[in-house]
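**Student:** Residue numbers (full-length UniProt numbering): 1 to 354.
(1) Hey, would you say residue 209 sits closer than 8 Å to residue 102, going by beta carbons?
(2) Find the nearest neighbour of residue 143 within the set 246, 227, 269 and 14, judged by alpha-carbon distance.
(3) From what residue to what residue does the beta strand (DSSP E) around residue 117 run?
(4) Does the segment 228-242 come into contact with the segment 165-184, if we say contact requires no fewer than three beta-carbon pairs (one atom in each stretch) closer than 8 Å?
(5) Please report how far the alpha carbon of residue 41 lies from the alpha carbon of residue 290, in whole angstroms.
(6) Among the residues of its own chain, which have a CB less than 7 Å from the CB of residue 45, if the five just before and after it don't count?
(7) Which residue comes first and which comes last in the beta strand (DSSP E) that contains residue 35?
(8) Starting from residue 245, follow its DSSP beta bridges and name the residues at the other end.
(9) Which word fits residue 309, buried or exposed, when buried means at least 16 other C-beta atoms lie within 10 angstroms of its C-beta?
(10) Identify every residue that forms a DSSP beta bridge with residue 306.
(11) Where does residue 296 land, buried or exposed, given buried means 16+ other C-beta within 10 angstroms?
(12) Do three or more CB pairs link the segment 211-222 to the segment 234-253 at distances below 8 Å?
(13) Taking C-alpha atoms, which residue in 246, 224 and 48 lies nearest to residue 304?
(14) Going residue by residue through the segment 211-299, where are the continuous alpha helix (DSSP H) segments of at least 4 residues, counting only ones entirely within it?
(15) Is DSSP giving residue 132 helix, strand or coil here?
(16) Under the rule that 16 or more other beta-carbon atoms within 10 Å means buried, what is residue 19, buried or exposed?
(17) How would you call residue 215, buried or exposed, if buried means at least 16 neighbouring beta carbons within 10 angstroms?
(18) Counting only the same chain and skipping the five closest in sequence on each side, list residues whose C-beta sits under 7 Å from that of residue 8.
(19) Measure the beta-carbon distance from residue 29 to residue 69 and round it to whole angstroms, keeping in mind my assumption that it falls under 8 Å.
(20) Helix or strand or just coil, what does DSSP make of residue 351?
(21) Would you list the one or two residues that DSSP bridges to residue 27?
(22) Please classify residue 74: is it buried, with 16 or more other beta-carbons within 10 angstroms of its beta-carbon, or exposed?
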């Protein structure tokens with residue numbers, strides 16, 4: 001008999017409903033005659049409603065321009081009837097500050113929820129049970145479980161080791177007693193640490209700048225190479241600088257670092273050092289693209305482009321073939337057959353005629 005699958009549906013926070021005058025993230029599900037029905041994403045998709053009068057402070061000319069099915073956005077909680085499960089919401093009363101704070105909280109909560117859900121599915125426990133023993137206690141202690149998970153990356157025992165849950169047992173005297181036991185089993189702990197480290201370990205940012213560098217001096221190549229060395233010397237162990245030729249006169253400077261701001265600053269200094277070195281030798285440097293963080297896709301496209309240029313440089317041109325033919329010399333001349341034949345002159349076949 002197959003074991004029952006764990007329940008993987010649960011709200012993100014301990015409270016079943018949001019507080020009044022707080023911003024929440026919703027997704028529009030349906031637009032009716034009086035307003036829009038939405039799901040509160042942080043509260044296990046409990047239903048709420050936005051009346052048309054709460055869509056905008058201005059006169060509504062087109063409802064579709066203000067709200068669309070499927071859209072995800074922050075709104076303000078106006079009323080909560082916990083007995084009936086009614087939640088009234090407003091789009092027009094949420095401020096820019098509320099929107100920014102709500103989006104930041106939701107993005108953190110969504111990551112925590114994704115990790116918790118994956119662990120619950122992996123170890124085969126209900127998601128709400130996992131939240132009750134781990135997630136919500138961490139929300140209470142750290143303000144947000146996301147902050148606790150960041151600590152778990154480097155020091156898991158300091159966070160997870162302090163979590164306990166109360167278990168009622170019958171003592172030797174027959175009386176029921178309450179004991180505090182670890183809230184996290186070894187299996188859950190290992191799965192949680194593994195998922196947190198995989199999802200939350202900081203990844204180095206890839207930073208790149210594109211420049212053009214020219215030198216018309218007789219030994220300009222040497223001047224350019226010296227300028228490149230000056231640029232790379234600016235880097236350090238935490239933020240190494242590399243400069244590569246794409247195709248004359250285009251060069252790229254790159255670095256990888258966990259500190260994005262430091263990486264941008266060092267790459268700017270590398271460009272300054274490179275520019276000073278080449279201009280000292282009467283050369284010129286132009287910044288085509290200033291230092292910026294690039295995506296994996298941009299990095300891959302650059303690598304593919306450089307690889308294509310390398311292949312083109314390695315291809316043998318038509319001139320090489322003609323040189324090989326010239327090495328054959330004058331060829332053989334058939335002196336006995338004077339009527340017609342084939343003569344090789346400088347490696348080229350010529351058909352003779354009578």
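Positions of the beta carbon are idealized from the N, C-alpha and C atoms, including for glycine. Note that the coordinates shown come from a computational prediction; the quantities given were computed from them, not determined experimentally.
**Tutor:** By the coordinates alone:
(1) no
(2) 14
(3) That residue, residue 117, is in no beta strand (DSSP E); its alpha helix (DSSP H) goes 96-123.
(4) no
(5) 39 Å
(6) 39
(7) 35-40
(8) 251
(9) exposed
(10) DSSP lists no partner for residue 306.
(11) exposed
(12) yes
(13) 246
(14) 220-232 and 260-280
(15) helix
(16) exposed
(17) buried
(18) 117, 120, 121 and 127
(19) 7 Å
(20) Legend: pLDDT at residue 351 = 48, less than 50; position of this residue unreliable, value from coordinates given subsequently. The answer is strand: DSSP assigns residue 351 an E or B state.
(21) 39 and 72
(22) buried
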